[in-house]
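One structure is given here, and the rest of the page talks about it.
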Amino acid sequence: MTFSSSPAPYEPLSVEALGQRLAEADEAVQLIDVREPAEVEAASLPGFVNLPLSAFADWSGTIHGRFEADRETIVLCHHGVRSAQMCGWLAQQGFTQLKNVTGGIDAYALTVDRSVPRY
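Number 118 marks the last residue of the sequence shown (numbering that gives the first Met the number 0); no jumps.
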C-alpha cells in the first residue's frame, strides 16, 4: 500500500450535523446508504437510497442517471468505513460535494436518535 498525502475526496460529516440536515428536509441533498438490505431493514433513516456495496455491479452503471455529480451527496453505512469507500468511488466518477457520515448509523443511534435500533 502506498501513502498518499492528497486529501480525502470527501468531507467528514458528524452525526449531529446529519441530524440537523435531516431536520431541514433539504431536497437538494442526495442521501445514499451503502449497507446491506437486511441492515437497512434493522435500522434506517428517512430519505436515504439504498445502494448496497455487495450489489455494486447491479447499480454502478446507473449512478449518473440516479444522482447528480455536482450536488451535495451524503453517504451512510454502519460505522463509516463502507461509506468512505463509496465516497472514494463517487469522487472517481466526478462527484464533487461528498460527505461521509462519521461513525455511521450506529453513532447516530447512540448520539442523535436513540429510537433508531442498534445492531
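Glycine residues also receive a C-beta, built at the ideal position from the N, C-alpha and C atoms.
Compare the C-alpha of residue i against each of the options and name the closest.
i, options, result
"M96", "G60, A27, S114", "A small correction: the amino acid at residue 96 is Gln; Met does not occupy that position in the sequence shown. The option with the nearest alpha carbon to Q96 is A27."
"A68", "W58, Q84, G93", "G93"
"L75", "T101, F55, S59, W58", "T101"
"Q91", "H63, A24, P45", "H63"
"E38", "D112, G103, V111", "G103"
"E23", "P8, G46, E40", "G46"
Just grab the DSSP bridge partners of residue i for me.
i, result
"Q92", "For Q92, which the question treats as bridged, DSSP gives no partner whatsoever."
"T72", "Q29, L97"
"V48", "I31"
"P11", "N99"
How close, in whole Å, do the beta carbons of residue i and residue j come, if the pair is a contact with beta carbons under 8 angstroms?
i, j, result
"V14", "S82", "With a Cβ gap of about 12 angstroms, V14 and S82 do not count as contacting."
"T31", "L52", "Strictly speaking, residue 31 in this sequence is Ile, with Thr absent from that position. No, I31 and L52 are not in contact; Cβ-Cβ is about 11 angstroms, not under 8 angstroms."
"I73", "L17", "7 angstroms"
"K98", "L12", "4 angstroms"
"Q29", "F66", "5 angstroms"
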